[in-house]
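Residue numbers (this note's numbering): 7 to 233.
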């Protein structure tokens, strides 16, 4: 409970939640690659994202996925479906060690009238997420694969601040097909860009994984996409 209390104070959750809901918060931890929310699962809780990084993507009918955005603290997960749907629409996957504070969806619905600040925050976040979704669609339609890849790489890694080099990406090179789907590109398009980035000294491959060799060359290409 001490850990929960620390995050409650850090993110001013007492301003959003009644004492009953504060007392019902439960910690939910996931390591890199773990699902925080899985599409198709019943909507059983709302998550307050308080530590780590995660990505959200939508599964298409043809089996491919489309990257929507990244989550960093503080944020709310599961708000889109909370009052309108029975099952989650999108996948949210941790890309580092993450911590969320979970609340029962049923409890929130029963106590909604007593938690107007939470409802107002959810409405505000839904507007922002709609805008993010529109931006993601525009990026995938209008901008080259090199820009999308650069933005993705910058958003999914941590850098040694003193050098800007050698940051490892948690993306194995044999998963380029999956990454291509996320970025709305073909495997051939993405492989061509990765090859060019290697030739230009931006990327390296070490032990089957992509590694950024020169962040300073990568940053101008990202143009703040997904960041």
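Ideal placement from N, C-alpha and C gives every residue a C-beta, glycine not left out.
{"Query": "For residue 46, the nearest candidate out of 198, 91, 129 (CA to CA)", "Result": "91"}
{"Query": "Cα-Cα separation between residue 36 and residue 104, rounded to whole angstroms", "Result": "5 Å"}
{"Query": "Alpha-carbon to alpha-carbon, residue 110 and residue 98", "Result": "18 Å"}
{"Query": "Close beta carbons around residue 100, own chain, < 7 Å, minus the five adjacent residues each side", "Result": "36, 37, 38, 39, 40, 42, 58, 60"}
{"Query": "Option nearest residue 82 by Cα separation, candidates 183, 149, 192, 132", "Result": "132"}
{"Query": "Residue interval of the beta strand (DSSP E) (run including residue 61)", "Result": "60-65"}
{"Query": "Beta-carbon proximity of residue 208 to residue 224, cut-off 8 Å", "Result": "yes"}
{"Query": "Own chain residues within Cβ distance below 6 Å of residue 137, not counting five before or after", "Result": "none"}
{"Query": "CA-to-CA distance, residue 94 to residue 204, given in whole angstroms", "Result": "38 Å"}
{"Query": "Beta-carbon proximity check, residue 227 vs residue 200, cutoff 8 Å", "Result": "no"}
{"Query": "Spatial distance of residue 23 from residue 195 (CA atoms)", "Result": "47 Å"}
{"Query": "DSSP-derived helix/strand/coil call for residue 144", "Result": "helix"}
{"Query": "C-alpha distance - residue 15 paired with residue 217, whole-angstrom precision", "Result": "37 Å"}
{"Query": "Any alpha helix (DSSP H) of 4 or more consecutive residues that is wholly inside the region 10-52", "Result": "25-30"}
{"Query": "Residue 102 - DSSP class collapsed to helix/strand/coil", "Result": "coil"}
{"Query": "Simplified DSSP assignment, three categories, for residue 162", "Result": "coil"}
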